[in-house]
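4 protein chains.
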Amino acid sequence: MKVAVIGCGYWGKHLLRNFYTSDKWELACACDSNAGQLEAPEKSYPGVRCTTNAADIFADPSVDAVAIATPVDSHFDLAKAAIEAGKHTWVEKPLTSSSAQANELLALAKKHNVLLHVDHTYIYTPAVRKIKQIIEAGELGDILYFDSVRVNLGLFQHDVNVIWDLAPHDISILEYCTGKKPVSVNATGSSIVKYSDRNLENIAYMTVNFEDNSIGHFHVNWLSPVKIRRIIIGGSRKMLVFNDMEPMEKIKIYDSGVSINSREDVYETLVRYRTGDMFSPAIDNKEALAEECNHFFDSIAVNKPTITSGQSGLYVVKILEAAGKSLKNNGVPVTIDN
Amino acid sequence: MKVAVIGCGYWGKHLLRNFYTSDKWELACACDSNAGQLEAPEKSYPGVRCTTNAADIFADPSVDAVAIATPVDSHFDLAKAAIEAGKHTWVEKPLTSSSAQANELLALAKKHNVLLHVDHTYIYTPAVRKIKQIIEAGELGDILYFDSVRVNLGLFQHDVNVIWDLAPHDISILEYCTGKKPVSVNATGSSIVKYSDRNLENIAYMTVNFEDNSIGHFHVNWLSPVKIRRIIIGGSRKMLVFNDMEPMEKIKIYDSGVSINSREDVYETLVRYRTGDMFSPAIDNKEALAEECNHFFDSIAVNKPTITSGQSGLYVVKILEAAGKSLKNNGVPVTIDN
Amino acid sequence: MKVAVIGCGYWGKHLLRNFYTSDKWELACACDSNAGQLEAPEKSYPGVRCTTNAADIFADPSVDAVAIATPVDSHFDLAKAAIEAGKHTWVEKPLTSSSAQANELLALAKKHNVLLHVDHTYIYTPAVRKIKQIIEAGELGDILYFDSVRVNLGLFQHDVNVIWDLAPHDISILEYCTGKKPVSVNATGSSIVKYSDRNLENIAYMTVNFEDNSIGHFHVNWLSPVKIRRIIIGGSRKMLVFNDMEPMEKIKIYDSGVSINSREDVYETLVRYRTGDMFSPAIDNKEALAEECNHFFDSIAVNKPTITSGQSGLYVVKILEAAGKSLKNNGVPVTIDN
Amino acid sequence: MKVAVIGCGYWGKHLLRNFYTSDKWELACACDSNAGQLEAPEKSYPGVRCTTNAADIFADPSVDAVAIATPVDSHFDLAKAAIEAGKHTWVEKPLTSSSAQANELLALAKKHNVLLHVDHTYIYTPAVRKIKQIIEAGELGDILYFDSVRVNLGLFQHDVNVIWDLAPHDISILEYCTGKKPVSVNATGSSIVKYSDRNLENIAYMTVNFEDNSIGHFHVNWLSPVKIRRIIIGGSRKMLVFNDMEPMEKIKIYDSGVSINSREDVYETLVRYRTGDMFSPAIDNKEALAEECNHFFDSIAVNKPTITSGQSGLYVVKILEAAGKSLKNNGVPVTIDN
């Protein structure tokens, strides 16, 4: 099958390389509205057609699939055109700028019988795959809370705030690993460093409340002197810490927790603590994006949705959208319509 | 001067030991309504009068000062009686259960011309003293944000939720080091583990918004498999990380940050990054509580408020109170009246 | 049973406290040739007889056991007198200044039918007990090497060099956990900082060669800016790291290693690597010295040697003695006579 | 200037890439006796001549310089031929298999007036450059000791033991940063895992004694479950730790040490401790090998030796050679002839 990549910037370069070296895919075209961005692929990938006009790609019947890695604002129009041209469509995260757009893309993809895939790359890392297995095997018990910190002295984005930039990673991990249903979102933050007219937040905190009374929290920050990428998942049986900055022991599972004693008359002894062994499973070294390219191919071949289909894209966008409303209203809870 | 300690439980024991070994104070009495709690002080501190009746202490004209280390609910009545008996009064954190009570104690202390001191012990640690010096010297520039995490597999309290239990430490550090004026508070959280009728939260997140558009955030959690006690203070010049779990390098100052270029026409170059040297100052090994006992004595001697006087107690209680209201109302912002 | 402590300095204070608070022992006497050292025990332990004359203790028939915590040079004479007076004898590490002395004490203890116990405290820590269990259960397979680092900006001793000061800890752990038979020792080092006429080494490295071709290495240093206390035990099946500076995960067991492929024709594939899971067992929080006091008591009660009897004291002294000879001869191998 | 690379294996690939992308060099030829190794460069570097015959390169008058990245055993013959052909010669570390060979190459290079450069890549890392600056500025005072650990679950080499494989890195850092003159070497180790007839050591320890009574120590190990790359440099004023596994704070300078009090009558106070601030300088992110390629070019242009010339290659080989003799003789000291 032939694939075309639209958008050859920072992330697009990774897509080009992975599709080019893939055993399954044939990289047919590279497209960027900025001709300068096409110089590198022209040199490195002889035989790949380069164009500044996306319409060329949509019009080309030999192209089976399109991968879109452009700024968020342009996702909807490009994806819509691709789907309507009958292409299987891969869209960079976040899927769209609004849940209405996401819903429309989902409906269109269904109508045109093509796959809509969202590039939640983290889901294809060996570490996140392992976390999913651990949770599905019941090792952690019920998931009580999900706490994520993703902070860094990071690149200020000019089109989206820090939540739209960084939180999709962690929300997609939450969705993939726990499948929890969000009911409302609170978000607070500040545009501490003023750098654009749009007053985009550089630091933000978001709470997601779930149907089952459990809670998720996301701290995202472009202004931290230290780089932290850590998720704590508290379970009723065990607890897991995913520290993505650790080179070796990324996942640690703690046989720790509390147990509640039902003898309510003995007030002080109600809550018991348990600190037990820790276990850190070995994790493969595979490149996530290569896995994802293969999975996209295989899913198309059997006509089944990918594990990060339009549905998970919609899940993420709904939460981001609600967070945006909450941020504008000083942190009031914003209900998510399921 | 003679001091009496009321409440000989976990923290009271530390007060007894420090007042007993102090060169300045004479520990005169130990009081606990539970006679069993008096056995240990009776044995260890010969010559110290032990009583189950706090009224004995208030009635004793030879007692100059009283230190109260009882459950929060009892602080107000005991402190009021102590002040009205003309005793300088030291109260465990948090000062009271409400800001109304705190205000009343402040007024009473003024009327009776006694010191009202709140035991915000962290303020007397060499690390926090050093942070204050660094900020006052202007090393960090303007303080842009204050981010605190204090989580652990910790003792569930039966009288207060996790915010009232843990956040006073960090709020008092915020107040002492930055003096920022809070304008509103958002808090979210959950009583994930049900262990009492009062449905007290075991995990919570709190955002404090300040007059100057800067932001504070506090993550407190009794259910974390790992112990984290870390404060990040983002400044316009440098940034500071206080990691209280590090045995040696508790404070790190990063010469890192962003600078905004005013040439607004060159859109992409507006924000510049700077990653520079890191410096970790040496810190003394003094016991905070011993320092605090001395400071309380010296402040009484010159009739000046301590650095953690009733005012800082009130500051902390106002934020806790607002957080409580926000928590009950799903995270809506609650204004703080200054 | 009644016990007397001789030597009330830094370590003696810990012995006094543990014997005093023991449920099994009665602390009868404290002895120090320096009367000033007796002021603290006189105040803290009412009813305990204090004396500057060790002979008083040996002459007292009511004393069952003696614990000696004096400088190394005096161990032999004091222990000899204690044994000859029929006392069960506990000696601070290292047991004596020479293996000849150690052998003589062992023979004497046998003759007088008393226990000779060496205070290798580390053996009574929950971590070292756990390591022993792990090795005995065969989890690590054959022990291929033992590598220890114990460095710090540490107290310069005036009577012994850094090997005699620090290495006994690690040698005793080696002996207890592996039981390996040493055949020779090489030691190198330097008296980098000159601080006494005796030119004692402040930094040293020691290799111990075992009967089975495996190897032990010990790095001890009083001049390190960072504190490292780490032992790596390489096994043919798994490998273990004991990091005593970690507050929580002191022991980590790695399912890592190499396997040798017998197909010698395929040159490159002879050695295969295996990097697997890591497991960190939970460890109790018991105080080692309290455990050791109990174990000393129980061993006397049933008349069986302690797990750190004179034999392990002799094991350690033999290696230290050989290391001393090697150091004086620029690192030549010195045979250990078994 | 034109350069040819001989040996296109693991390290040769890095040389090819860096010479190819260099602004200064023109990569003219790639050579490997194994034709299979030439497929990759043929594809990636169009226009570069590929040959299996090194003699072609030596015979080509247009080639100015040759870089040799073959197994150690072949270094001498290839480098000799290159020098005699009048080429500036870059040799992979270690320079040769013996100091006699190294001396011969030095003499030949002098005679033929070409540069002999040894690829001690670490010297071109920003971290090691910074360490050199710090020491030269006198910040550490006199260098008292140099302690290096380089251990890993590492690739077993089939032609050299672990000292010849790993220690050249650290010895070259020692030489570059301190310039100390070695007088003798002790080495111990073991071929714990038997994997070849040559019985090559997999774990080894080496002490280097210097003229000024200071000491160096090197721990190298292919069988460690954890990866450690750490050098401690103890100075009379300050101490430095270089932890190459740290992503950010690779160098830490501790204002710590001891001072000796001359009042010899006050025995106990002779040695005083000082624990002060820690400072971690920012370090550039430049690729060492790119810097080294430029430096090689510039040195040829001005006809001056590189900072890792044949002399430093000889320094390293002399120590390796002495270590080999000591290892064979159970750790006896082996004198280094200067």
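Residue numbers (my numbering), protein chains in the order written: chain P, 6 to 343; chain E, 6 to 343; chain B, 6 to 343; chain R, 6 to 343. C-beta: ideal position from N, C-alpha, C; glycine also. Remember, it's a predicted structure, so these values are computed and weren't measured experimentally.
If you run the structure through DSSP and keep just helix, strand and coil, what is residue i?
i	result
E206 of chain B	coil
Y272 of chain B	Low per-residue confidence applies at Y272 of chain B: pLDDT is 47, beneath 50, and the placement is therefore not dependable, though the value from the model is reported in the following sentence. Helix, per DSSP.
D260 of chain E	strand
G14 of chain E	coil
T307 of chain P	Note that residue 307 of chain P corresponds to Val in the displayed sequence, not to Thr. Three-state DSSP puts V307 of chain P in a helix.
K7 of chain R	strand
K232 of chain E	strand
L158 of chain R	strand
G349 of chain R	Given a span of 6 to 343 for chain R in the structure shown, any question on residue 349 of chain R remains unanswerable.
P46 of chain R	helix
P187 of chain E	strand
N290 of chain P	coil
V77 of chain P	helix
T280 of chain P	strand
Do residue i and residue j have their C-beta atoms closer together than 8 angstroms?
i	j	result
V198 of chain P	L228 of chain P	yes
N3 of chain E	A107 of chain E	Nothing can be reported for residue 3 of chain E, as the shown portion of chain E is limited to 6 through 343.
V8 of chain B	A35 of chain B	no
L294 of chain P	T126 of chain P	yes
I258 of chain P	L245 of chain P	yes
V231 of chain R	A328 of chain R	no
R277 of chain B	V263 of chain B	yes
E89 of chain R	H117 of chain R	yes
K98 of chain B	N299 of chain B	no
G240 of chain R	D147 of chain R	yes
I238 of chain P	M211 of chain P	no
S195 of chain E	S331 of chain P	no
G336 of chain R	P338 of chain B	yes
R235 of chain B	F247 of chain B	yes
L43 of chain P	G315 of chain P	no
Below 9 angstroms on C-beta distance, what does residue i contact in chain E?
i	result
L332 of chain P	The premise fails here: L332 of chain P is roughly 11 angstroms from chain E at the closest Cβ pair, so nothing lies under 9 angstroms.
Which residues in chain B sit within 8 angstroms of residue i, going by Cβ to Cβ distance?
i	result
T193 of chain R	N191, T212, N214, I220 and H222
E254 of chain P	M283
Y15 of chain R	Ordered by position in chain B, no residue passes the 8 angstroms Cβ test against Y15 of chain R, which lies about 12 angstroms from the chain.
In the DSSP assignment, what residue or residues form a beta bridge with residue i?
i	result
W95 of chain E	E:A72 and E:H122
C151 of chain E	Note that residue 151 of chain E corresponds to Phe in the displayed sequence, not to Cys. DSSP output for F151 of chain E lists E:G221 and E:I238 as bridge partner(s).
E31 of chain B	B:K7
A192 of chain E	E:M211
F247 of chain E	E:I236 and E:I256
S285 of chain B	P:M283
Run down chain R in chain order and give the residues with a C-beta less than 7 angstroms from the C-beta of residue i.
i	result
A287 of chain E	T280, G281 and D282
Heavy atom of the ligand MG less than 7 angstroms from the Cβ of residue i, yes or no?
i	result
T311 of chain P	Looking at this structure, you won't find the ligand MG or any other ligand, since it has none at all.
Which residues in chain B sit within 7 angstroms of residue i, going by Cβ to Cβ distance?
i	result
G41 of chain R	Ordered by position in chain B, no residue passes the 7 angstroms Cβ test against G41 of chain R, which lies about 13 angstroms from the chain.
Check your understanding: Any contact of the stretch 276–289 of chain E with the stretch 83–100 of chain E, i.e. 3+ C-beta pairs under 8 angstroms?
Key -> no
Practice item. Pair every Cβ in the stretch 65–72 of chain P with every Cβ in the stretch 33–52 of chain P, then say whether three or more of these pairs are closer than 8 angstroms. Key: yes
Check your understanding: Are three or more beta carbon pairs between the stretch 298–307 of chain E and the stretch 146–160 of chain E nearer than 8 angstroms?
Key -> no
Review point. On the three-pair Cβ rule with 8 angstroms, is the stretch 98–114 of chain B touching the stretch 321–339 of chain B?
Key: yes
Exercise for review: Would you be able to state if there are at least three C-beta pairs under 8 angstroms between the stretch 9–17 of chain B and the stretch 137–150 of chain E?
Suggested key: no
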